[in-house]
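Data first, discussion second: the structure below is written as structure tokens.
Protein chains: 2
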Amino acid sequence: MRDVARLAGVSISTVSAVVNGNVFVSPERKASVQRAMAALDYHPDAIARSLKTGKSNVIGIIVPDITNAFYPELVRGAEDAATKAGYSVLLCDSSENCKNEESHINVLFSRRVDGILIACCINSRAHESLAQRRFPLVYMDRIPSAGAGCSISTDNVQAGYVATKHLIDLDHQRIGIVAGYLGLSPHHDRLEGFRNAMQEFHLPILDEYLISGGIQVADGTNAGQALLSLQVPPTAILASNGNLLLGVVQAIAERRLKMPDHLSVLGFDDYLWHRFFHPALTAVAQPTHEMGRRAFELLKQMIESEPGQEVQEKHIRLPAELRVRNSTGPVPQREFRRVLKKTRQPVAANEK
Amino acid sequence: MRDVARLAGVSISTVSAVVNGNVFVSPERKASVQRAMAALDYHPDAIARSLKTGKSNVIGIIVPDITNAFYPELVRGAEDAATKAGYSVLLCDSSENCKNEESHINVLFSRRVDGILIACCINSRAHESLAQRRFPLVYMDRIPSAGAGCSISTDNVQAGYVATKHLIDLDHQRIGIVAGYLGLSPHHDRLEGFRNAMQEFHLPILDEYLISGGIQVADGTNAGQALLSLQVPPTAILASNGNLLLGVVQAIAERRLKMPDHLSVLGFDDYLWHRFFHPALTAVAQPTHEMGRRAFELLKQMIESEPGQEVQEKHIRLPAELRVRNSTGPVPQREFRRVLKKTRQPVAANEK
DNA sequence: TCTTCGCATCGAAACGTTCCGATTACGGCC
DNA sequence: GGCCGTAATCGGAACGTTTCGATGCGAAGA
Chain A
1242 MRDVARLAGV
1252 SISTVSAVVN
1262 GNVFVSPERK
1272 ASVQRAMAAL
1282 DYHPDAIARS
1292 LKTGKSNVIG
1302 IIVPDITNAF
1312 YPELVRGAED
1322 AATKAGYSVL
1332 LCDSSENCKN
1342 EESHINVLFS
1352 RRVDGILIAC
1362 CINSRAHESL
1372 AQRRFPLVYM
1382 DRIPSAGAGC
1392 SISTDNVQAG
1402 YVATKHLIDL
1412 DHQRIGIVAG
1422 YLGLSPHHDR
1432 LEGFRNAMQE
1442 FHLPILDEYL
1452 ISGGIQVADG
1462 TNAGQALLSL
1472 QVPPTAILAS
1482 NGNLLLGVVQ
1492 AIAERRLKMP
1502 DHLSVLGFDD
1512 YLWHRFFHPA
1522 LTAVAQPTHE
1532 MGRRAFELLK
1542 QMIESEPGQE
1552 VQEKHIRLPA
1562 ELRVRNSTGP
1572 VPQREFRRVL
1582 KKTRQPVAAN
1592 EK
Chain B
1242 MRDVARLAGV
1252 SISTVSAVVN
1262 GNVFVSPERK
1272 ASVQRAMAAL
1282 DYHPDAIARS
1292 LKTGKSNVIG
1302 IIVPDITNAF
1312 YPELVRGAED
1322 AATKAGYSVL
1332 LCDSSENCKN
1342 EESHINVLFS
1352 RRVDGILIAC
1362 CINSRAHESL
1372 AQRRFPLVYM
1382 DRIPSAGAGC
1392 SISTDNVQAG
1402 YVATKHLIDL
1412 DHQRIGIVAG
1422 YLGLSPHHDR
1432 LEGFRNAMQE
1442 FHLPILDEYL
1452 ISGGIQVADG
1462 TNAGQALLSL
1472 QVPPTAILAS
1482 NGNLLLGVVQ
1492 AIAERRLKMP
1502 DHLSVLGFDD
1512 YLWHRFFHPA
1522 LTAVAQPTHE
1532 MGRRAFELLK
1542 QMIESEPGQE
1552 VQEKHIRLPA
1562 ELRVRNSTGP
1572 VPQREFRRVL
1582 KKTRQPVAAN
1592 EK
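Read top to bottom, the protein sequences are chains A and B.
Per this note's numbering, the very first residue in the first sequence carries number 1242; after that it's consecutive.
Per this note's numbering, the very first residue in the second sequence carries number 1242; after that it's consecutive.
The following block contains the structure:
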């Protein structure tokens, strides 16, 4: 910058004025400064600028596992919006581990990020370290029950309701649910939606049809096996996320059962490959990209709001969309139901 | 820092010495400084530190599309290693678009990142803006043919060879390949491996069995349809990435053909869901997480090397691993081959 | 002709660190 | 008791910006 100033024969402040364009500079000087900048291949140093202005134009995004197909979409939505607005994104992966999450938060603070977007990990204590400070922060997808603060997620109660209603509309009455980990708001809420729908249509919710606990593929397989081993198995199964859905599909394949003839299956989260299964899987899609985008926009509002004024919208809930494909259908006919009851042992493993 | 110094009754430099631990400070002073830091909830400002030291401890990672399942794994590997080494990661998504890629590179430079990990986009001109400056940079997965610089990727020639060899070992002779976009090194190299294997076993490479161009699911579907519509369709199809594989599977399903009875299919990149297809899909897996990890480690070496010494290892190639499942099998028997030839029109669409 | 005003430009302090050279304190030795 | 060496601590410049008050200068008004 000093060199640019010298070459252009102006002061450093004038160069700064040209770079930032907030102060009027006479056209001829401006041109000569720009020429000098080009000649020296000058690029402003964002670090020095941040130090001076106290604003980094960087946000942090913390996710529990970028490898889980839900998060790339979310991050993408946020990153696209951030880039467009001149922000950069520090990505942190907590590996679903509180210690990591906390240390990431500390690093982000010391890097002076302007705000944080977080999809917190299981048993997260993030809100404890975050809530006290009045700091721009938006929870995404997984909303801690305790902490205050802005949040954005799918309306999972509605999503759970819609999915269940779809099965009920197909005349299913014995509906099993692989509910995931109920300490996480999405799973908790989806179960609530399920309950709402069942109650609305006066259907009983049997304990043995409700399996909760893990959120991995293996948990889905176990749950599916358990449901299919029951004296009277459900005629439809709802899986609370994409991994559990895969597990359930696996358990069904092991018994050589066919969807939707023998039983119906649907899951939350709709991923690319769901369309290419046989049969194509019915799923409840979340507006994940939009969630990321709006999360950033909310955060930006908070960052740029004057200390006095409050941000109005605190908790955004986006509607989910049911995508009906071929893994759900009418209640199995009598002979299929017999097959369903008879096949209580897996035929062969599919996994390799 | 000034406040901490005042509270502890020491100079600012002493606080700095305590924070960095590189200068000896007497135990009692050290303790009082630490007490003061805790009392004031002091956290060192990484930005000021970066300005002073000229090192940001931040690296940039540029990927063409984080939504493509290959990249989260890669990013995860790099991020894990970076975090462990005290680095943070600025994530940039180029959307497979050169303009975006270039502007991301500029932003990363002005943010003074210590190095860049890049999986460049199609027709990338990144090496032009990067090669000139002697800057820590590692190309991942997609290696530009022009630019110099360190790189890491799967040994895709070997991968292509192994995949093809697997089919040849099953006595396939008419092997179709959906080769992707040959301007990208992975696809180019896999085709080369395919060619090597075919030549080694004196099998002809028919033009009509080689389809290249796009890398999306739809491209795979089109290519699959084209191959299946041939007078004499191939008895096995190789798809050059996960999306193309999905497309091919789709084309096969449309014709109600069964793998591996009617034809064998396998693809590059092994993803979670491949195991849950019916039949489970044979695939060539890349050590993606490790690739990310080692990419970072290579970059770190470059960052921390003295200006004099050169980094020795310039181009790392990691071995791929064939995972045989149930979508590949022996050459279809006579009657199945007849089905294959007869079914030249799709039966029904699976997609919704 | 002298004062006043507005506008373009400039100089310098400050942001929160690091780090080098300088300073102080203290014990041992002649 | 004065001198020296060592070790702990300190002062201050510098990193590359922004920003604010100061400065100079020309035009307009009295």
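No residue lacks a Cβ here, since even glycine has one placed at the ideal position from N, Cα and C.
All values derive from a computational prediction rather than experimental measurement.
Between the beta-carbon of glycine 1454/B and that of tyrosine 1422/B there is about 7 Å, and that keeps the pair under the 8 Å contact cut. In the DSSP assignment, the residues bridged to methionine 1381/A are Ile1393/A. The stretch 1314-1321 of chain B makes contact with the stretch 1522-1532 of chain B, as at least three CB pairs between them are under 8 Å. The bridge partners DSSP lists for threonine 1523/A are Leu1507/A. In the structure shown, glutamate 1269/B falls within a helical segment according to DSSP collapsed to helix, strand and coil.
Check the Cα spacing between phenylalanine 1350/B and each of Pro1305/A, Met1381/A, Asp1282/A and Ser1394/A: the tightest is with Asp1282/A.
Under the DSSP assignment, aspartate 1334/A falls in the beta strand (DSSP E) whose first and last residues are 1329-1334. Of the candidates Cys1362/A, Gln1491/A and Gly1488/A, the residue whose Cα lies closest to the Cα of proline 1427/A is Cys1362/A. Segment contact: the stretch 1429-1444 of chain A against the stretch 1402-1416 of chain A, three or more CB-CB distances shorter than 8 Å; contact assigned. In this structure, valine 1266/A lies away from valine 1260/A, with their beta-carbon atoms at least 8 Å apart.
Chain A has no Cβ within less than 8 Å of the Cβ of leucine 1408/B. In the pairwise beta carbon analysis, the stretch 1473-1491 of chain B is classified as touching the stretch 1509-1527 of chain B: at least three pairs are separated by under 8 Å. Membership of serine 1453/B in the beta strand (DSSP E) is indicated by the continuous run 1451-1453. Listed along chain B are Leu1331, Val1348 and Arg1352, each with a C-beta nearer than 7 Å to that of serine 1329/A. Of all residues in the stretch 1281-1308 of chain B, only His1284, Pro1285, Asp1286, Ala1287, Ile1288, Ala1289, Ser1291, Leu1292, Ser1297, Ile1307 and Thr1308 come within less than 7 Å of chain A when Cβ atoms are compared, listed by chain position. Not a single C-beta of chain B is nearer than 8 Å to the C-beta of histidine 1368/A.
Assigned with DSSP and collapsed to three states, arginine 1558/A falls in strand. Threonine 1294/B is classed as exposed because its beta carbon has fewer than 16 other beta carbons within 10 Å across all chains shown.
Within the stretch 1519-1553 of chain B, His1519 and Ala1521 place their CB atoms closer than 7 Å to a CB of chain A, listed in sequence order.
Interface annotation, glutamate 1269/A: not in contact with chain B, CB-CB separation never under 8 Å. Cβ-Cβ distances below 7 Å link histidine 1345/B to Ile1303, Cys1333 and Ser1335 in the same chain, with the five nearest sequence neighbours on each side left out; the list follows chain order.
Within a 10 Å sphere around the beta-carbon of alanine 1420/A sit 16 or more other beta-carbons, which makes this residue buried.
In this structure aspartate 1382/A does not touch leucine 1471/A by the C-beta definition: roughly 32 Å separates them, more than the 8 Å allowed. Listed along chain A are Ile1307, Thr1308 and Asp1334, each with a C-beta nearer than 7 Å to that of arginine 1317/B.
When CB distances to chain B are screened at a threshold of 7 Å, the residues of the stretch 1487-1506 of chain A falling below it are Leu1487, Val1490, Gln1491 and Ala1494, in chain order. For phenylalanine 1442/B, the nearest beta carbon of chain A is not closer than 8 Å to its own beta carbon. As DSSP reads the structure, isoleucine 1300/A sits in a beta bridge with Val1330/A and Gly1356/A. At least 8 Å separates the beta-carbon of histidine 1407/B from that of alanine 1387/B. Within the same chain, Lys1296, Ser1297, Asn1298, Val1299, Ile1300, Pro1377 and Ile1544 come within 7 Å of aspartate 1355/A by CB-CB distance, once the 5 residues on both sides are set aside. Listed along chain A are Ile1307, Thr1308 and Pro1313, each with a C-beta nearer than 7 Å to that of proline 1313/B.
One finds nothing in chain B with a Cβ atom closer than 7 Å to the Cβ of glutamate 1562/A; even the nearest lies about 13 Å away.
Counting the other Cβ atoms within 10 Å of the Cβ of isoleucine 1359/B gives 16 or more, which makes it buried. When Cβ-Cβ separations below 8 Å define contact, phenylalanine 1376/B makes no contact with chain A. Beyond the five residues adjoining it in sequence on each side, methionine 1439/A comes within less than 6 Å, by CB distance, of Ile1446 in the same chain, given in chain order. Close partners of phenylalanine 1517/B in chain A (Cβ separation under 7 Å): Leu1487, Val1490 and Gln1491.
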